[in-house]
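Enquirer: Here you go, one structure.
Protein chains: 2
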Amino acid sequence: MADSVSNRKQVAELAGVSEATVSRVLNGIGPMKESTRQRVLAAAKQLNYELNAIASCFARGRSGNIGVVLPHVPKVHLFSTYYFSEILSGIGEAVRAKEYGLLLLFRDPDEVYDYASLFRTQRIDACIVLGASAIASEREGIAKMAGQELPFCVMDQRFQDMDASTVAADHVQGSYDAVKHLLEQGFRRIGFLNGAPQYSNSVDRMAGYMRALREAGIEIDESIIYQGNYSRKSGWMAADAVHADLGKLDALFVANDRMAIGLIQGLRDKGCQVPDELPIVGYDDSDAASMTEPQLTTVKVPFYEMGKLAVERLLERLSDPDGTKVRFNETLQTQFIVRKSSGMNRSENR
Amino acid sequence: MADSVSNRKQVAELAGVSEATVSRVLNGIGPMKESTRQRVLAAAKQLNYELNAIASCFARGRSGNIGVVLPHVPKVHLFSTYYFSEILSGIGEAVRAKEYGLLLLFRDPDEVYDYASLFRTQRIDACIVLGASAIASEREGIAKMAGQELPFCVMDQRFQDMDASTVAADHVQGSYDAVKHLLEQGFRRIGFLNGAPQYSNSVDRMAGYMRALREAGIEIDESIIYQGNYSRKSGWMAADAVHADLGKLDALFVANDRMAIGLIQGLRDKGCQVPDELPIVGYDDSDAASMTEPQLTTVKVPFYEMGKLAVERLLERLSDPDGTKVRFNETLQTQFIVRKSSGMNRSENR
DNA sequence: CTTAATAATGTACGCGTGTACATTATGGCA
DNA sequence: TGCCATAATGTACACGCGTACATTATTAAG
Numbered sequence: 001m002a003d004s005v006s007n008r009k010q011v012a013e014l015a016g017v018s019e020a021t022v023s024r025v026l027n028g029i030g031p032m033k034e035s036t037r038q039r040v041l042a043a044a045k046q047l048n049y050e051l052n053a054i055a056s057c058f059a060r061g062r063s064g065n066i067g068v069v070l071p072h073v074p075k076v077h078l079f080s081t082y083y084f085s086e087i088l089s090g091i092g093e094a095v096r097a098k099e100y101g102l103l104l105l106f107r108d109p110d111e112v113y114d115y116a117s118l119f120r121t122q123r124i125d126a127c128i129v130l131g132a133s134a135i136a137s138e139r140e141g142i143a144k145m146a147g148q149e150l151p152f153c154v155m156d157q158r159f160q161d162m163d164a165s166t167v168a169a170d171h172v173q174g175s176y177d178a179v180k181h182l183l184e185q186g187f188r189r190i191g192f193l194n195g196a197p198q199y200s201n202s203v204d205r206m207a208g209y210m211r212a213l214r215e216a217g218i219e220i221d222e223s224i225i226y227q228g229n230y231s232r233k234s235g236w237m238a239a240d241a242v243h244a245d246l247g248k249l250d251a252l253f254v255a256n257d258r259m260a261i262g263l264i265q266g267l268r269d270k271g272c273q274v275p276d277e278l279p280i281v282g283y284d285d286s287d288a289a290s291m292t293e294p295q296l297t298t299v300k301v302p303f304y305e306m307g308k309l310a311v312e313r314l315l316e317r318l319s320d321p322d323g324t325k326v327r328f329n330e331t332l333q334t335q336f337i338v339r340k341s342s343g344m345n346r347s348e349n350r
Numbered sequence: 001m002a003d004s005v006s007n008r009k010q011v012a013e014l015a016g017v018s019e020a021t022v023s024r025v026l027n028g029i030g031p032m033k034e035s036t037r038q039r040v041l042a043a044a045k046q047l048n049y050e051l052n053a054i055a056s057c058f059a060r061g062r063s064g065n066i067g068v069v070l071p072h073v074p075k076v077h078l079f080s081t082y083y084f085s086e087i088l089s090g091i092g093e094a095v096r097a098k099e100y101g102l103l104l105l106f107r108d109p110d111e112v113y114d115y116a117s118l119f120r121t122q123r124i125d126a127c128i129v130l131g132a133s134a135i136a137s138e139r140e141g142i143a144k145m146a147g148q149e150l151p152f153c154v155m156d157q158r159f160q161d162m163d164a165s166t167v168a169a170d171h172v173q174g175s176y177d178a179v180k181h182l183l184e185q186g187f188r189r190i191g192f193l194n195g196a197p198q199y200s201n202s203v204d205r206m207a208g209y210m211r212a213l214r215e216a217g218i219e220i221d222e223s224i225i226y227q228g229n230y231s232r233k234s235g236w237m238a239a240d241a242v243h244a245d246l247g248k249l250d251a252l253f254v255a256n257d258r259m260a261i262g263l264i265q266g267l268r269d270k271g272c273q274v275p276d277e278l279p280i281v282g283y284d285d286s287d288a289a290s291m292t293e294p295q296l297t298t299v300k301v302p303f304y305e306m307g308k309l310a311v312e313r314l315l316e317r318l319s320d321p322d323g324t325k326v327r328f329n330e331t332l333q334t335q336f337i338v339r340k341s342s343g344m345n346r347s348e349n350r
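Chains as they are written, first to last, in this note's numbering: chain A, 1 to 350; chain B, 1 to 350.
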C-alpha cells in the first residue's frame, strides 16, 4: 500500500483540499492556514507521497541537474585520479547542499562536443567542463556554448579570445613559489619538466618558473626544460634526458606529482637518488606525494574548493534572472608544502 | 534563430505532417515513407530541434538515469580514490554506451538512506550502491529497497539474509593466492593486516588467508592478525604492533595497497626495511602500488569491469518486463601480481 | 476491378506538476 | 453593520512528448 506510487490528486482528496493547495504546501508557496498545511502533510505521509521529480522539473522547465563533463579516453587516465576525485567531491558537496542533481557526462576530446544540446534537451541547467585543453575540437565546442550565453564554467583552463567563466588555481604563483624554494636553497641551474602545452595551466607554470628565475637574475636555459604529458610514464621516460643532463642541473621542478614520481623511479633505475643527486619539487600535493620515498615537496592545489566554488557561482547565476550573462573568473591560491624530495638536507647527504 | 528552442509542433508544421509522425520519425517507430522521414529530419535540422529529454522521460515515465550512490563523509576518503574512480569509469562507460544518464548521489552512512525515494520521485530507473558496509543503518536502507523489488545492485558487499543483486570480486581466492605466494617462498609465520570487518570483503579476505594456511598445515596464530580500516594512516599506525612482532613474523599479507604503503612507511620510520626484513603483499593493484619503493606485490581487482557489468545487468533487467524480480550475483576473478615487496630475493638481500 | 490486408499518417489524450487568475473566507476599522 | 484589504483556497490550463486508436493511402491477390 505505502509502496505504491500515489499522486497529488489522491493527496488532495484525502486532505479535502484542491491539488493546487497540495502543491503550495509542498513547495512552501504563498500564505496558508497552518491547519491546512498539517492536514496536507499528514495525507501525503499516509499515502507515502512525494513529488515526482521528473514531472516537477518538466513543469518548471528545468532539469534540476548540473552537468559535469569529463574527457573520456577508454582505458587512459588523462588526469590523475586525485585531481578528478577531489574536484568531483567538491562539486558533489555543493550540488548536494543546493539540492541539485549531479549528472556525469563523458566527451571525446577529439570531437566537437555538443554542449548546447545538453541544454536544448533540458538534461542540465548548467555545466562544468573538466580537463579541457586548447586543442581545436575542445575549443570549438566550448566556444559554441559561450556564444549562446549558456551557464557554464571551465575548470582550470583559460581560452584566449573567449569570454567564458572559469575557476582556476594560481599556477603562476604556485610555480613561482616552488622554484623560489629551490633558489633559496642556493640552487641556480634549475630545470623544469612541464606538462603538455595545450593546457593553459602548463603555460602558467612556465610563466611562474621563468619569473622566479629572472627575478634571481638567472638566464633561462632552454636545454634544461623538458616536456611530458602529466602521466607517470612520461615522467619515467624523461629520466633519460634528465639523467644525461645531471651535470648541468642543480635541481628540478616538475609540473605534477605523477610525473615527478615516474621521474624519480626512472632515475632510480639508473642508479641516481633523489634528492641526494637531484632535488625535485612536484606539484598538486596528491595522495601519492606523501606515499613515495622520498615524500614529495610539492604545491598543494585546492581542487575540492575549486569544484565547490564553481557550483556555487553557477547556481547563483541561475537564480538571478539575467545572471547567466555575467561571467566570473575565480582564481584560488595554492600552498607550498616542504617534504623530503627537495633536499633541504642535500649538503649533509653528500 | 537556430539557437532558440523549438518544439515538435513547429517541426510538424514545417514538414507538413502531424506531430505524431514527427515523434515516430525521431524515435524510429513503426513503418513510414522514406520521403516523409527525410522531410521531417530536414525540418528538425532547420529548426535546430532536438527532443526535450525531460518531457520525453516524463511521458515515458522513466528518468533515463542510473543512480550511483556513494558514501559521503566530509573531508574523509573512506575509499581509495583508485577504487572509486575505476568503478565509476566502468559504470560511466556502460551507461554512456546505453545512452543512459549517470546521476551521482551521496549518502550519509550513519543514516538510513531512502533509496526508495529516488525511485518514487522518478529520479532514477535503477541504482548501484558503492561502498556499503554491514553497519545497521546501511543494512536497513538497502533492505528496504530490496523489499520493494526495486532494480538495484550492491557493489562488492554481501549481506546475510538479504536477497539483493550484487557484483563482486572473489576476494577469498584473491587472498588465498596472495598468501599461497608467500607460502611458496617458504614463509610460514605469515601475519595479516585486515580492514574493517563490517565489509564482507574483509571477511572474505580473512577466509582466503585462513584457507591457505590450513591447507599448508599451519595453525592460525591470532596474535599476528592485525586490524586497520583500509586507510594509509591505519597502516602506518599498525607499524607499531607489527614492528614489535617482527620476531614472530616471516611475512605479512595486507588487505589493501593503501594500508600496505602506510605500514611500509611506518616500518621505515622505525628503521625496518621491506622486503628485506619483512616481505609484504598488498591488495588492489592500485596506481600507487607501482609508485612506491619497493613496488608492491599485490592482487589486481577488476574494478572497471565490475562497474561495467553492474550497469549491463541492471539495464538488461529494466528492459525485461518482470526482470526486476530476478536477482543476480556476479563474482569476478582477481589476478595476482608479483613485484618487489614480497621479497622474492629476500635471501640474497640478507 | 474488387477487396482485403497492410502501410502510412492523423487525432486525441494522458502523464503530474506549477502557476496565473478567479473566487471565497477572514478580520480590522469606521 | 458595512466595506475593503488581504489571506486562503480553488479552477483551469500549459508544459512537450508517447502512444492507443482511428483514419486514409497503397498494394497484392483474386
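We put the CB at the ideal spot given by N, CA and C, even for glycine.
Report the option in A:F187, A:S234, A:E99 and A:Q10 whose CA atom is closest to the CA atom of F106 of chain B.
Expert: By 1-based counting over the second sequence, the position of residue 106 of chain B is 106. Comparing Cα-Cα distances from F106 of chain B to each of A:F187, A:S234, A:E99 and A:Q10, the minimum goes to A:E99.
Enquirer: Check whether the stretch 131-140 of chain A and the stretch 193-202 of chain A are in contact - that is, three or more C-beta pairs closer than 8 angstroms.
Expert: With the cut-off at 8 angstroms, the stretch 131-140 of chain A and the stretch 193-202 of chain A touch.
Enquirer: Counting only beta-carbon separations shorter than 9 angstroms, does D287 of chain A have a partner in chain B?
Expert: Counted from its first residue, the first sequence places residue 287 of chain A at position 287. At least one chain B Cβ lies under 9 angstroms of D287 of chain A.
Enquirer: Alpha helix (DSSP H) containing V179 of chain B: first to last residue?
Expert: As a working mapping, residue 179 of chain B is identified with position 179 in the second sequence. H171 to E184 is the span of the alpha helix (DSSP H), which, as asked, contains V179 of chain B.
Enquirer: Between B:V301, B:F303 and B:V242, which has its C-alpha nearest V274 of chain B's C-alpha?
Expert: The sequence position of residue 274 of chain B within the second sequence is 274, counting from 1. Of B:V301, B:F303 and B:V242, the residue nearest in Cα terms is B:V242.
Enquirer: Can you find a CB in chain A that lies within less than 9 angstroms of the CB of G101 of chain B?
Expert: Here residue 101 of chain B corresponds to residue number 101 of the second sequence, with the count starting at 1. At least one chain A Cβ lies under 9 angstroms of G101 of chain B.
Enquirer: So which residues of chain B does L51 of chain A contact, with C-beta pairs closer than 7 angstroms?
Expert: Translated into the one-based positions of the first sequence, residue 51 of chain A becomes position 51. Within 7 angstroms Cβ-Cβ: T121.
Enquirer: Between I218 of chain A and M206 of chain A, what straight-line distance do the alpha-carbon atoms span, to the nearest angstrom?
Expert: Mapped onto the first sequence, residue 218 of chain A falls at position 218. Mapped onto the first sequence, residue 206 of chain A falls at position 206. So the alpha carbons of these two residues sit roughly 15 angstroms apart.
Enquirer: Taking a contact to mean a Cβ-Cβ separation below 9 angstroms, would you say R355 of chain A touches F152 of chain A in this structure?
Expert: The displayed coordinates of chain A run from 1 to 350. Any statement about residue 355 of chain A would go beyond what the structure contains.
Enquirer: What residue from B:G343, B:Q333, B:P302 and B:D269 has the CA that sits closest to D285 of chain B's CA?
Expert: Taking the second sequence and counting its residues from 1, the one referred to as residue 285 of chain B is at position 285. The shortest C-alpha separation from D285 of chain B is found at B:P302.
Enquirer: Which same chain residues end up closer than 6 angstroms to T292 of chain A when comparing Cβ atoms and leaving out the 5 residues on each side of it in sequence?
Expert: Locating residue 292 of chain A in the first sequence gives position 292, where the first residue counts as 1. Result list for T292 of chain A: I261, in chain order.
Enquirer: Cα separation between M155 of chain A and R313 of chain A?
Expert: Within the first sequence, the letter at position 155 stands for residue 155 of chain A. Within the first sequence, the letter at position 313 stands for residue 313 of chain A. When rounded, the distance between both Cα atoms is 12 angstroms.
Enquirer: Determine, using beta carbons only, whether H243 of chain A comes closer than 9 angstroms to chain B.
Expert: Start at 1 with the first residue of the first sequence, and residue 243 of chain A comes out as number 243. For H243 of chain A, the answer is no, since every Cβ of chain B falls outside 9 angstroms of its Cβ.
Enquirer: My assumption, with CB atoms under 8 angstroms, is that G266 of chain B sits in contact with A289 of chain B. Please give the rounded CB distance.
Expert: Taking the first residue of the second sequence as 1, we reach residue 266 of chain B at position 266. Taking the first residue of the second sequence as 1, we reach residue 289 of chain B at position 289. The pair is not a contact, with the Cβ atoms about 17 angstroms apart (cut-off 8 angstroms).
Enquirer: Less than 8 angstroms between the CB atoms is what I'm expecting for L182 of chain A and A251 of chain A, so what's the real figure, rounded?
Expert: Residue 182 of chain A sits at position 182 when you count from the first residue of the first sequence. Residue 251 of chain A sits at position 251 when you count from the first residue of the first sequence. Contact flag correct, Cβ pair sits at about 5 angstroms.
Enquirer: State yes or no: is the beta carbon of F58 of chain A nearer than 9 angstroms to at least one beta carbon in chain B?
Expert: As a working mapping, residue 58 of chain A is identified with position 58 in the first sequence. Closer than 9 angstroms: yes.
Enquirer: Answer with yes or no whether the minimum CB distance from A55 of chain A to chain B is below 9 angstroms.
Expert: Translated into the one-based positions of the first sequence, residue 55 of chain A becomes position 55. With 9 angstroms as the cut-off, A55 of chain A counts as an interface residue toward chain B.
Enquirer: Show which residues of chain A have a CB atom less than 8 angstroms away from the CB atom of Y82 of chain B.
Expert: To locate residue 82 of chain B, count along the second sequence from 1; it is residue 82. Those within 8 angstroms of Y82 of chain B in chain A are T81.
Enquirer: Taking V338 of chain A as the reference, give the member of A:Q295, A:D204 and A:V40 with the closest Cα.
Expert: Position 338 of the first sequence, counting from 1, holds the residue named residue 338 of chain A. Ranking the options by Cα distance to V338 of chain A, first place goes to A:Q295.
Enquirer: Considering only residues of the same chain and omitting the five flanking positions on each side of A255 of chain A, which have a CB-CB separation below 6 angstroms?
Expert: Within the first sequence, residue 255 of chain A is the residue found at index 255, counting from 1. The residues are N194, G195, R205 and Y283.
Enquirer: How is the alpha helix (DSSP H) around T297 of chain A delimited, first residue to last?
Expert: Counting from one through the first sequence, the residue named residue 297 of chain A turns up at place 297. From DSSP, T297 of chain A is part of no alpha helix (DSSP H); its letter is neither H nor E.
Enquirer: So which residues of chain A does M306 of chain B contact, with C-beta pairs closer than 7 angstroms?
Expert: Residue numbering aside, residue 306 of chain B sits at position 306 when the second sequence is read from its first letter. Those do not exist, as M306 of chain B stays about 15 angstroms from chain A at its closest Cβ, beyond 7 angstroms.
Enquirer: Spell out whether any CB of chain A is found under 9 angstroms from the CB atom of G141 of chain B.
Expert: The residue you call residue 141 of chain B lines up with position 141 of the second sequence. Answer no: the Cβ-Cβ gap between G141 of chain B and chain A never drops below 9 angstroms.
Enquirer: Look up C166 of chain A in the DSSP assignment and give the residues it is bridged to.
Expert: Here residue 166 of chain A corresponds to residue number 166 of the first sequence, with the count starting at 1. Here residue 166 of chain A turns out to be Thr, not Cys, going by the sequence shown. Partner(s): A:V154 and A:N329.
Enquirer: In three-state terms, what does DSSP make of L352 of chain A?
Expert: With chain A covering only 1 through 350, there is no way to say anything about residue 352 of chain A.
Enquirer: Under a Cβ-count criterion, where at least 16 other Cβ atoms within 10 Å of its own Cβ denotes burial, should E86 of chain A be classed as buried or exposed?
Expert: On the first sequence, position 86 is the one that residue 86 of chain A refers to. With 16 or more other Cβ atoms within 10 Å, it is buried.
Enquirer: Say whether the stretch 297-311 of chain B touches the stretch 329-337 of chain B, bearing in mind that this needs 3 or more beta-carbon pairs closer than 8 angstroms, one atom from each stretch.
Expert: These segments touch.
Enquirer: So which residues on chain B does T292 of chain A lean against when the C-beta distance must stay under 8 angstroms?
Expert: Looking up residue 292 of chain A in the first sequence gives position 292. Ordered by position in chain B, the residues that pass the 8 angstroms Cβ test against T292 of chain A are M291, T292 and E293.
Enquirer: Relative to the C-alpha of A212 of chain A, which candidate in A:I225, A:L118 and A:V179 has its C-alpha closest?
Expert: Within the first sequence, residue 212 of chain A is the residue found at index 212, counting from 1. Considering only alpha carbons, the answer is A:V179.
Enquirer: S85 of chain B versus chain A: which residues are under 7 angstroms apart at the beta carbon?
Expert: Stepping through the second sequence from its first residue, residue 85 of chain B is reached at position 85. Correct list: T81, F84 and S85.
Enquirer: 9 angstroms is my cut-off, CB to CB: does L70 of chain A come that close to chain B?
Expert: Here residue 70 of chain A refers to the residue found at position 70 of the first sequence. Yes, contact with chain B.
Enquirer: Distance check for I91 of chain A and A421 of chain A, CA to CA, integer angstroms please.
Expert: In the structure as shown, chain A begins at 1 and stops at 350. Residue 421 of chain A is therefore absent and cannot be evaluated.
Enquirer: Taking 9 angstroms as the CB-CB cut-off, is R268 of chain A touching chain B?
Expert: Looking up residue 268 of chain A in the first sequence gives position 268. At least one chain B Cβ lies under 9 angstroms of R268 of chain A.
Enquirer: Specify, as a first and last residue, the run of the alpha helix (DSSP H) that C57 of chain B falls within.
Expert: The count along the second sequence starts at 1 and reaches residue 57 of chain B at position 57. First-last of the alpha helix (DSSP H) with C57 of chain B: A53 to R60.
Enquirer: With burial defined as no fewer than 16 other Cβ atoms inside 10 Å of the residue's Cβ, what is the status of S117 of chain A: buried or exposed?
Expert: The residue you call residue 117 of chain A lines up with position 117 of the first sequence. Exposed.
Enquirer: Which residues in chain B sit within 8 angstroms of V5 of chain A, going by Cβ to Cβ distance?
Expert: The residue labelled residue 5 of chain A in the question sits at position 5 within the first sequence. Correct list: R120.
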